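K.L.:
Handing you a structure now.
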Amino acid sequence: MSEVFQGFSGQAFSLRSEKGRFTLPPAFRNAVKLSTVDRKLCLTKHDKWDCLVGFGMNRVEDFETILDREEEAAYKFGRDFDRDTRAMQLHSFETMPFDDSGRFIMPDFVKDLGKIEDALFFQGAGKFFTVWNPAKLYEMGPEMAMPKAACRALEKEALAKGKKK
3 MSEVFQGFSG QAFSLRSEKG RFTLPPAFRN AVKLSTVDRK LCLTKHDKWD
53 CLVGFGMNRV EDFETILDRE EEAAYKFGRD FDRDTRAMQL HSFETMPFDD
103 SGRFIMPDFV KDLGKIEDAL FFQGAGKFFT VWNPAKLYEM GPEMAMPKAA
153 CRALEKEALA KGKKK
């Protein structure tokens with residue numbers, strides 16, 4: 003019986019290597035593999051927060067449904083909605099291959115969009131996950147208490163491992 007994509011959940015942390023690569027942690031790597039055809043990670047800017055959104059190529063199939071839902075909500079509440087602009091935002095993602103160990107190189111312009119420096123914090127969110135510069139996550143409000151606590155613990159652990167090398 004083959005595995006089926008169940009979504010992204012949990013948290014993980016990655017430090018940038020000396021070669022400038024980050025590592026997609028195992029739980030996220032396996033979920034991306036199940037939600038894409040060619041082992042490519044998709045990253046784009048989150049539309050509200052200073053972080054990135056990650057997913058596999060299969061998520062693109064949901065974009066029309068997302069657009070329909072957002073357009074309907076805008077109409078219902080009397081808000082403006084530019085479907086073309088929102089469609090362009092959804093489809094403006096960058097794909098990057100990752101190896102069997104999950105290592106990938108993030109393009110500079112993607113790092114700039116997410117304000118990424120030397121570390122990544124991954125937070126599962128169902129059909130996608132967020133990728134944070136820990137410093138940007140720590141600036142968020144109390145609604146992010148759990149991700150911030152997980153990030154602090156995982157960051158401390160990763161830095162301790164890094165010092166042992």
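So for the sequence shown, my numbering puts the first residue at 3; every next one is plus one. In this text, a Cβ means the ideal position worked out from N, Cα and C, and glycines have one as well. As the structure is a prediction and not an experimental result, all values here were calculated from the model.
(1) Ignoring anything shorter than 3 residues or poking outside the segment 29–113, list the beta strand (DSSP E) runs there in chain order.
(2) Are the beta-carbon atoms of Met142 and Lys150 separated by less than 8 Å?
(3) Any idea which residues DSSP pairs Phe123 with across the strands?
(4) Between Asp84 and the rest of its own chain, which residues show a CB-CB distance below 7 Å, the 5 nearest in sequence each way excluded?
(5) Is it right to say Phe111 is buried, meaning 16 or more other beta carbons lie within 10 angstroms of its own, or is it exposed?
(6) Going by DSSP in three states, Gly116 sits in which element: helix, strand or coil?
(7) Return the CA-CA distance between Gln91 and Leu26, expressed in angstroms with no decimal places.
(8) Could you have a look at Gly164 and say whether DSSP puts it in helix, strand or coil?
(9) Using only alpha-carbon positions, find the residue among Phe65, Leu43, Asp114, Phe7 that is nearest to Gly56.
(10) Are there three or more Cβ pairs, one per stretch, closer than 8 Å when the segment 69–85 is compared with the segment 153–160?
(11) Would you decide whether Gly65 is buried or exposed? Buried here means 16 or more other CB atoms lie within 10 Å of its CB.
(12) Between Phe15 and Ala127, how many whole angstroms is the CB-CB distance? I'm expecting something under 8 Å.
(13) Excluding five sequence neighbours on each side, which residues of the same chain lie with their C-beta closer than 7 Å to the C-beta of His48?
(14) With a 10 Å radius around its C-beta and 16 neighbouring C-beta atoms as the bar for buried, classify Leu33 as buried or exposed.
(15) Answer yes or no: do Pro136 and Ala121 have a C-beta to C-beta separation smaller than 8 Å?
P.N.:
Reading it off the structure:
(1) 42–47, 54–57, 96–99
(2) yes
(3) Phe15, Trp134, per the DSSP bridge assignment.
(4) none
(5) exposed
(6) helix
(7) So the two alpha carbons sit approximately 24 Å from each other.
(8) It is helical.
(9) Leu43
(10) no
(11) Before going further, note that residue 65 is Phe rather than Gly in the sequence given. Flag for Phe65 reads exposed.
(12) Actually they do not touch by this definition, with Cβ atoms about 16 Å apart.
(13) Leu54, Val55, Thr132
(14) Leu is not the amino acid found at residue 33; the sequence shown has Ala there. That one is buried.
(15) yes
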